[in-house]
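Asker: Sharing a structure with you now.
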Amino acid sequence: MRNGRFITFEGGEGAGKSTQIRRLATRLRTHAREVVATREPGGTPLAERLRSIILAGGARDFGDFGEALLFSAARIDHIDRIIRPALARGAFVLCDRFADSTRAYQGARGGAEENMLAILEAVTLGGVRPDLTFILDLAPEIGLERARARRGQGGADRFEGEDLAFHALLRDKFLGIARAEPERCRVVDAAKPEDEVAEAIWSACLEQWPLLATEGRQWA
Ligand code: T5A
1 MRNGRFITFE
11 GGEGAGKSTQ
21 IRRLATRLRT
31 HAREVVATRE
41 PGGTPLAERL
51 RSIILAGGAR
61 DFGDFGEALL
71 FSAARIDHID
81 RIIRPALARG
91 AFVLCDRFAD
101 STRAYQGARG
111 GAEENMLAIL
121 EAVTLGGVRP
131 DLTFILDLAP
141 EIGLERARAR
151 RGQGGADRFE
161 GEDLAFHALL
171 RDKFLGIARA
181 EPERCRVVDA
191 AKPEDEVAEA
201 IWSACLEQWP
211 LLATEGRQWA
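Just so we're aligned, residue 1 is where the sequence shown starts under the UniProt record's numbering, counting upward by one.
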């Protein structure tokens, strides 16, 4: 039984996904009984442990497909323990990155074949697919600079440390996903000020679920 709604946020580094999830969660909480905000890789203790290893570069030598397997292992735990139960309770689930990130990041260089990633995705998701995906689109130079400014003295992680050409490929990959699945994906201009991005996201939610325009926690 799946009554909830599943919204994912995707895009390159520093595009503003975490910021916009916080804002949408706050807004949705005035309309919905339960809103779950979570992230990938992560969301469960086991998946957070895998996150630490992968983002520290500890799995780089497995190659793109090997890393995709580890992201998928973390995702299976996250789906089983957090996402599927929350959707069954009727919650709105907002997730910072999901399967499109594997398609883009692990698929960008062609090291992992697209059809293998598609098979892995189908097995991993077990039918749990987003209802709506926001692709926060931003020039990688700007996103990387935002991410750098935010982390201060800390070093770049496994993927932030990749070169600009890789981040440009990622942007193309995410836009390609949006073109291929227009019914699920909404591309949002993430270069706009934070408030404008939040309004674009809210408008898309209202379009998708007009009942949200009604005040009060009426959403089952
Ligand atoms: N990965 C992940 C894979 O390779 N495969 C996978 O399957 C999955 C799931 C995750 C890494 O793992 C990779 C992708 C990633 O490299 P992460 O730390 O979660 O690592 O990295 P990101 O998801 O990229 O998160 P970031 O925190 O870097 O970026 P966000 O969440 O997009 O950006 P946010 O909201 O933190 O904002 C960044 C800064 O910009 C400001 C914010 O205040 C903040 O300082 N900002 C704005 N500034 C100006 N205008 C706006 N509109 C702004 N919005 C936010």
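Idealized CB from N, CA, C, for every residue including glycine.
Straight-line CA distance for residue 127 to residue 38?
Answerer: Translated into the one-based positions of the sequence shown, residue 127 becomes position 127. Translated into the one-based positions of the sequence shown, residue 38 becomes position 38. If you take the alpha carbons of residue 127 and residue 38, they lie about 19 Å apart.
Asker: Tell me which residues share the same chain as residue 7 and place their Cβ nearer than 8 Å to its Cβ, disregarding the 5 neighbours each side in the sequence.
Answerer: Mapped onto the sequence shown, residue 7 falls at position 7. Only 24, 92, 93, 94, 95, 130, 131, 132, 133, 134, 205 meet the Cβ criterion.
Asker: Apply the 10 Å Cβ neighbour rule to residue 75 and answer buried if 16 or more other Cβ atoms are within range, or exposed otherwise.
Answerer: If you number the sequence shown from 1, residue 75 lands on position 75. Per the 10 Å Cβ criterion, buried.
Asker: Can you determine whether any heavy atom of ligand 1 sits closer than 8 Å to the C-beta of residue 14, and answer yes or no?
Answerer: Taking the first residue of the sequence shown as position 1, residue 14 is located at position 14. True, at least one ligand heavy atom lies under 8 Å from that Cβ.
Asker: What residue range is occupied by the uninterrupted beta strand (DSSP E) comprising residue 10?
Answerer: Numbered from 1 along the sequence shown, position 10 holds the residue referred to as residue 10. Element bounds for residue 10: 5-11.
Asker: By how many angstroms is the C-alpha of residue 122 removed from the C-alpha of residue 212?
Answerer: If you number the sequence shown from 1, residue 212 lands on position 212. If you number the sequence shown from 1, residue 122 lands on position 122. Cα-Cα distance, rounded: 31 Å.
Asker: Is residue 79 near ligand 1, going by C-beta to nearest heavy atom under 8 Å?
Answerer: As a first step, residue 79 must be located in the sequence shown, where it is residue number 79. Outside the cutoff, so no.
Asker: Should residue 129 be listed as close to ligand 1, given that the test is whether its C-beta is under 8 Å from any heavy atom?
Answerer: Locating residue 129 in the sequence shown gives position 129, where the first residue counts as 1. Because no heavy atom of ligand 1 lies under 8 Å away, the Cβ of residue 129 does not count as near it: no.
Asker: Using a Cβ-based criterion (distance less than 8 Å to any ligand heavy atom), does residue 97 qualify as near ligand 1?
Answerer: Position 97 of the sequence shown, counting from 1, holds the residue named residue 97. The answer is yes for residue 97.
Asker: Check the DSSP bridge columns for residue 186 and list the partner residues they point to.
Answerer: In the sequence shown, the residue the question calls residue 186 occupies position 186. Looking at the DSSP assignment, residue 186 forms a beta bridge with 134.
Asker: Residue 201: beta carbon under 8 Å from a heavy atom of ligand 1?
Answerer: In the sequence shown, the residue the question calls residue 201 occupies position 201. Residue 201: no, Cβ never under 8 Å from ligand 1.
Asker: Taking the alpha-carbon of residue 88 as reference, which of 35, 138, 190, 184 has the nearest alpha-carbon?
Answerer: Position 88 of the sequence shown, counted from the first residue, corresponds to residue 88. Here the closest residue by C-alpha is 35.
Asker: For residue 102, is the classification buried or exposed, using 16 other Cβ atoms within 10 angstroms of its Cβ as the cut-off for buried?
Answerer: As a working note, residue 102 is residue 102 in the sequence shown. Result: buried.
Asker: Check whether the Cβ of residue 134 sits closer than 8 Å to any heavy atom of ligand 1, and report yes or no.
Answerer: Reading the sequence shown from its first residue, position 134 is the one you call residue 134. For ligand 1, not one heavy atom lies less than 8 Å from the Cβ of residue 134.
Asker: Using a threshold of 8 Å, is the CB atom of residue 17 nearer than that to any non-hydrogen atom of ligand 1?
Answerer: Start at 1 with the first residue of the sequence shown, and residue 17 comes out as number 17. Yes, the beta carbon of residue 17 sits closer than 8 Å to at least one heavy atom of ligand 1.
Asker: Would the region 45-62 count as touching the region 98-115 if we require 3 or more Cβ pairs under 8 Å?
Answerer: Taking 8 Å as the limit for Cβ pairs, the verdict is that the region 98-115 does not touch the region 45-62.
Asker: I'd like to know if the region 39-46 and the region 62-81 are in contact, where contact means that at least 3 CB-CB pairs between them fall below 8 Å.
Answerer: Touching, per the Cβ criterion.
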